[in-house]
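In UniProt numbering, the protein residues as written are 1 to 611.
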């Protein structure tokens, strides 16, 4: 029998609030500039965010600085320690009596939201609908399953990308969710959220102002005052949401908080544990033996909560993967709330250290490998990345410049000799080449293991050789193809025209070299990423941030019935819409509906899981 709550925990009984006064609809008030045709159809509304282009030079610099600042100051300015002192929070929020007349309770879980409008709004819209009828993907004979919107929505980390700020939250998370539902009917759903590493990039400041201030967001009420929480659910179920900050760990006050929660649990109570990262998948690729979380989080899992945990939920990896052990316990990675897709074939995790076996992936591994081939067309998905490779190739060409514009393919040996002599006479050429190789060794994924140095070296040499042929081709085209200054003698430099011809040749060959680097450099990088992820399981993150794929989204819908059985409905969307039309509906309904014939409807990724 479950213990009765003691102390202030009894005051956590949720009350049914009056319907809130809605805030102005940000999508309609600020962005209503999309042309609407007579049929009511519009393309994607203007000013709505596209997917983050992670390989854009400016974004690479910004992300690197955010990660550096967070790494340096995160451990020394842990916001969670301040929360424990100045933000009191009772041990749990009590939903144990919040059931329908039939004894049902519904809860939604979504993670890794707040990227492009199309993907984020697609998921937000489905979460906002009062009911969803869902067939099982690939099993038409299984019929449809009726599901209901959750009384509670739990967001499982990384609420926004690329980094946290008030403006980015507003543009990439709040606007899509308020376009999906500005107001809700009684009983109004509640919202709880745990932070991921991207939420921590500003020290959790924007997160705390937005989600820990008892406010209304998209028709839902926020209730937590800290970045971690516990929910007492009906029929002896509990949901625990941890904050692992940037180091996959929880602080001591957080351990004490959850120890108090555990004291309120009965011997037969069961727990849904939500972490921001799927440590079980990351651990499956590590070679060292022993525990994969030798820290406070492992202590919480193994010593405080123990066998009460029936389901582990996490995001961070933007796909759906489910593992199950012999006792039926589940470890589910469901990070498909809106962010770019991650592969399911890397890192490999068919068998976890604690015996859990992989049961389902969405997309499946074959599709995941096929999607990785898109890296061969990297310039299409990250076009401005070519600015970096163009600049690199031009620097390498200038460092080893030689007069080879009149030498064709049949004279390759003479070209190599001329460039080699130039490199010998300019030692800094070798320094630049070694710096290129060294930088790419540093970039190489640790998943290569002892072959990391070789992988980085081959990648660097591939760029250097490509730069050689691009520069030679550019110079040959300028001199032999365009006839710019083909046989300029030293005497010719004594006249203004001679200098102008020389400047013209230099400018033309440099421009062609940069253009070649812009076009061919991304192909070399894409080839490296494709081979790395498909052959070696390395660079699973970089190989897919480069593509920024908005499709293959997912979220979980959980149902507790009157007998205490928990059923998990994993909802998947294979292709999200790219075009939308206005609904002209009220504030309790989505503002836009899909208007894209290529989009796919939501389905269950696999049959419902009964725990």
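Each residue gets a CB set at the ideal place from its N, CA and C atoms; glycine is no exception.
Please report the distance separating the alpha-carbon of residue 303 from that of residue 449.
33 Å
Is the region 347-363 in contact with the region 535-555, if contact means three or more CB pairs nearer than 8 Å?
yes
On the CB-based measure, 16 or more other CB atoms within 10 Å of its CB, does residue 164 come out buried or exposed?
buried
If we count the other Cβ atoms within 10 Å of its Cβ and call it buried at 16 or more, is residue 326 buried or exposed?
exposed
Relative to the C-alpha of residue 520, which residue among 470, 576, 551 and 344 is closest?
470
According to the neighbour-count rule (16 or more other Cβ atoms, all chains shown, within 10 Å of its Cβ), is residue 61 buried or exposed?
exposed
Per DSSP, the bridge partner or partners of residue 572
554 and 603
Can you give me the C-alpha to C-alpha distance between residue 356 and residue 312, rounded to a whole angstrom?
12 Å
Note down the Cα distance separating residue 251 from residue 314, rounded to an integer number of angstroms.
19 Å
Applying the criterion that 16 or more other CB atoms from any shown protein chain within 10 Å of the CB defines a buried residue, is residue 431 buried or exposed?
exposed
At 3 residues or longer, and completely inside the region 253-338: list those beta strand (DSSP E) runs for me, N to C.
270-275, 309-314, 320-324 and 330-334
Residue 594, enclosing beta strand (DSSP E) - first and last residue:
592-594
Which whole-angstrom value is the C-beta distance of residue 529 and residue 543, which I expect to be below 8 Å?
4 Å
Examine the Cβ distances between the region 200-220 and the region 154-171 and report whether three or more of them are shorter than 8 Å.
yes
Looking at the strands, I want to know which residues DSSP matches up with residue 244.
Note: residue 244 sits in no beta bridge, so no partner.
Mapping the DSSP letters down to three states, classify residue 463 as helix, strand or coil.
helix
Taking residue 340 and residue 146 to be in contact with their CB atoms under 8 Å, please state how far apart those CB atoms are, rounded to whole angstroms.
Their Cβ separation, rounded to whole angstroms, is 31 Å, which puts residue 340 and residue 146 out of contact at 8 Å.
So the candidates are 344, 54 and 261; which of them puts its Cα closest to the Cα of residue 323?
344
For the candidate residues 58, 466, 54 and 272, whose alpha-carbon lies nearest to that of residue 556?
272
Could you have a look at residue 92 and say whether DSSP puts it in helix, strand or coil?
coil
Ignore the nearest five residues each way along the sequence and tell me which others in residue 249's own chain have a CB closer than 7 Å to its CB.
295, 296 and 297
Interface flag, residue 118 vs chain B, CB-CB below 8 Å:
Considering every chain present, this structure includes no chain B. It has just one protein chain.
If you reduce the DSSP assignment to three classes, tell me which class residue 611 lands in.
coil
Nearer than 7 Å: is that true of the beta carbon of residue 285 relative to any heavy atom of the ligand GDP?
Of the ligands one can find in the structure shown there are none, so the ligand GDP has no counterpart to examine.
Hey, is the region 326-336 in contact with the region 128-137, meaning 3+ C-beta pairs nearer than 8 Å?
no
For residue 590 versus residue 583, is the C-beta distance shorter than 8 Å?
yes
May I ask which residues mark the beginning and end of the alpha helix (DSSP H) holding residue 118?
117-128
Straight-line Cα distance separating residue 427 from residue 197
43 Å
Determine, using beta-carbon pairs with one atom in the region 135-144 and one in the region 183-194, whether at least three such pairs fall under 8 Å.
no
Cβ contact (3+ pairs, closer than 8 Å) linking the region 94-106 and the region 216-230
no
Check each candidate in 120, 241 and 97 and name the one with the smallest Cα separation from residue 154.
241
Sequence-distant residues of the same chain with beta carbon closer than 6 Å to residue 358, five excluded per side:
323 and 350
In terms of residues, what are the limits of the beta strand (DSSP E) holding residue 193?
190-193
Residues that DSSP places opposite residue 176 in a beta bridge:
Note: residue 176 sits in no beta bridge, so no partner.
Only counting the same chain, and skipping five residues up and downstream in sequence, which positions put a Cβ closer than 7 Å to that of residue 372?
343, 530, 533, 534 and 543
Under the assumption that residue 218 contacts residue 182 (Cβ atoms under 8 Å), give the Cβ distance between them as a whole number of angstroms.
7 Å
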